[in-house]
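These protein sequence lines map, in sequence, to chains A and B.
Residue numbers for the first sequence follow UniProt numbering, beginning at 1 and rising by one.
Residue numbers for the second sequence follow UniProt numbering, beginning at 1 and rising by one.
Below is one structure, written out as structure tokens; comments come after it.
There are 2 protein chains.
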Amino acid sequence: MTRSPDPIETARAQWQRIHPELDTSTLDVVGRVLRAAAVLRQRLDATLLDEGVNRSEFDLLCALRRNAEPVTPGRLNSLMLASGAATTKRIQQLAERGLLERVPDEHDRRSARVGLTEQGRRLIDRAFARNLEAERGVLSPLGNRQRTAIARGLAELLRSLEGTSGSALTGR
Amino acid sequence: MTRSPDPIETARAQWQRIHPELDTSTLDVVGRVLRAAAVLRQRLDATLLDEGVNRSEFDLLCALRRNAEPVTPGRLNSLMLASGAATTKRIQQLAERGLLERVPDEHDRRSARVGLTEQGRRLIDRAFARNLEAERGVLSPLGNRQRTAIARGLAELLRSLEGTSGSALTGR
DNA sequence: CACAGTTATTTCACTAGTGAAATGAGAGTG
DNA sequence: CACTCTCATTTCACTAGTGAAATAACTGTG
Numbered sequence: 001m002t003r004s005p006d007p008i009e010t011a012r013a014q015w016q017r018i019h020p021e022l023d024t025s026t027l028d029v030v031g032r033v034l035r036a037a038a039v040l041r042q043r044l045d046a047t048l049l050d051e052g053v054n055r056s057e058f059d060l061l062c063a064l065r066r067n068a069e070p071v072t073p074g075r076l077n078s079l080m081l082a083s084g085a086a087t088t089k090r091i092q093q094l095a096e097r098g099l100l101e102r103v104p105d106e107h108d109r110r111s112a113r114v115g116l117t118e119q120g121r122r123l124i125d126r127a128f129a130r131n132l133e134a135e136r137g138v139l140s141p142l143g144n145r146q147r148t149a150i151a152r153g154l155a156e157l158l159r160s161l162e163g164t165s166g167s168a169l170t171g172r
Numbered sequence: 001m002t003r004s005p006d007p008i009e010t011a012r013a014q015w016q017r018i019h020p021e022l023d024t025s026t027l028d029v030v031g032r033v034l035r036a037a038a039v040l041r042q043r044l045d046a047t048l049l050d051e052g053v054n055r056s057e058f059d060l061l062c063a064l065r066r067n068a069e070p071v072t073p074g075r076l077n078s079l080m081l082a083s084g085a086a087t088t089k090r091i092q093q094l095a096e097r098g099l100l101e102r103v104p105d106e107h108d109r110r111s112a113r114v115g116l117t118e119q120g121r122r123l124i125d126r127a128f129a130r131n132l133e134a135e136r137g138v139l140s141p142l143g144n145r146q147r148t149a150i151a152r153g154l155a156e157l158l159r160s161l162e163g164t165s166g167s168a169l170t171g172r
């Protein structure tokens, strides 16, 4: 029983013919992570849009919901992997839609605290649950063995990557 | 020796406190894939920019290099995970920069064949090699065990995902 | 307490990507 | 061979995200 090749296997085989001297083995991990992320997004974002948020807004609202509420824009910024400008813009839009509020910080007037409104909380709780549902859907063809293999491996990768140089991304 | 938690572990623990009834286990895979992709991009794109291409342009040129040369825009479009409009725009820009050429198709004048120029070929060969180098760099802290675990697991995931419903993405 | 330095956030001008409509060409049918 | 259907690609108007400059506030230090 020969398994059908996945796109990365195919790509590596093609490169092998053109540049046999190159070691393309890193694509097994890197190529697949990037590809899988793209495909997963494509599949999962439909559900979010249906709830009225795109992936970035969803991530931001989730971060807000998970963390002890009044969070500074700067912290949101480091939790998400985006530019400061993007975070500012998203906060503004979500505030206009009444999903979150900015409360000026007493002690440091450069900053402000951002918190979910009641409406925002309700929306994200619903969207998060539906998103989990959708995730179960896409992962269902994957065996438990494979799942834990991926989970463990990527956890290790993330720890090694986020330790080095990247913006301080300690979950708290 | 307790391992430091990775960001997804942290997130799950936080959700657990807020919504103990939800099964967030899918985040172990989905959350990590998305997160890892974001971090990997951040780390690797610097090298590409240094070669004068962004990730999308790089992917497009790679696809062109790997496949038997005269490729239709439509095929490029399905190889990459993007909208038709995006592909059109990228082809135009890369053509203006002299990295690829559009040759009208004899048999079907709706379409055209896209092929690398000599300059494009040189650029992508250099960029691809340097990108591999950079990938080796980011993966170096990861043990071989973990690598193959991730690779095998994600290959399985990709096969299961790209089979269903997604645009026809057979590597050839 | 002025003032140089640093930090948090926002604004700005610009680029990349999107969905939907438009264009232009093949294909099937009476 | 007109005419409708479908298909490949492009154009258009718009949204999201970016890096760099601007703004505004805090923090020593002399």
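Ideal Cβ placement from N, Cα and C applies to all residues, glycine included.
For the segment 135–165 of chain B, the beta-carbon criterion of a distance under 7 Å to any beta-carbon of chain A is satisfied by 135, 136, 138, 139, 141, 142, 146, 147, 149, 150, 151, 152, 153, 154, 155, 156, 157, 158, 159, 160, 161, 162. With a threshold of 8 Å between beta carbons, residue 111 (chain B) makes no contact with chain A. For residue 158 (chain B) and residue 115 (chain B), the gap between their C-alpha atoms comes out near 28 Å. Residue contact check for residue 40 (chain B) against chain A: a CB pair falls below 8 Å. In the structure shown, residue 132 (chain A) falls within a helical segment according to DSSP collapsed to helix, strand and coil. Using a Cβ distance threshold of 8 Å, residue 124 (chain A) and residue 41 (chain A) do not count as a contacting pair. A residue is called buried when at least 16 other Cβ atoms come within 10 angstroms of its Cβ; residue 154 (chain B) meets this threshold and is buried.
Judged by DSSP secondary structure, residue 103 (chain B) falls within the beta strand (DSSP E) whose first and last residues are 100–104. Assignment of residue 115 (chain A) by DSSP, reduced to helix, strand and coil, places it in the strand class. When the Cα atoms are used, residue 101 (chain B) and residue 3 (chain A) turn out to be separated by approximately 36 Å.
Across the segment 80–106 of chain A, CB contacts with chain B closer than 7 Å involve 81, in sequence order along the chain. Residue-level contact check: residue 126 (chain A) does not touch chain B, since none of the beta carbons of chain B fall below 8 Å from its beta carbon. When C-alpha distances from residue 138 (chain A) are compared across B:71, B:110, B:30, B:68, the shortest belongs to B:30. For residue 71 (chain B), the beta-bridge partners assigned by DSSP are B:114.
Between residue 18 (chain B) and residue 35 (chain B), the C-beta gap is not smaller than 8 Å, which leaves the two residues out of contact. Interface with chain B (8 Å Cβ-Cβ cutoff): residue 7 (chain A) is included.
Around the beta-carbon of residue 143 (chain A), fewer than 16 other beta-carbon atoms lie within 10 Å, marking it exposed.
Note on geometry: alpha-carbon atoms of residue 152 (chain A) and residue 32 (chain A) lie some 16 Å from one another. CA-to-CA, the gap between residue 24 (chain B) and residue 120 (chain B) works out to about 45 Å. Using a Cβ-Cβ distance cut-off of 8 Å, the segment 45–62 of chain B and the segment 48–61 of chain A are not in contact, since fewer than three pairs of beta carbons, one from each stretch, lie closer than that value. Residue nearest to residue 49 (chain B) within the set B:78, B:134, B:14 is B:134 (criterion: CA-CA distance). It is roughly 11 Å from the alpha-carbon of residue 37 (chain A) to the alpha-carbon of residue 39 (chain B). Contacts with chain A (Cβ-Cβ distance below 8 Å) from the segment 65–76 of chain B involve 65, 66, 67, listed in chain order.
For residue 45 (chain A), the uninterrupted alpha helix (DSSP H) segment begins and ends at 30–51. The beta carbons of residue 113 (chain A) and residue 72 (chain A) sit closer together than 8 Å. Annotation: Cβ neighbours of residue 26 (chain B) in chain A (cutoff 8 Å, chain order): 132, 135, 136, 139. Residue contact check for residue 50 (chain A) against chain B: no CB pair falls below 8 Å.
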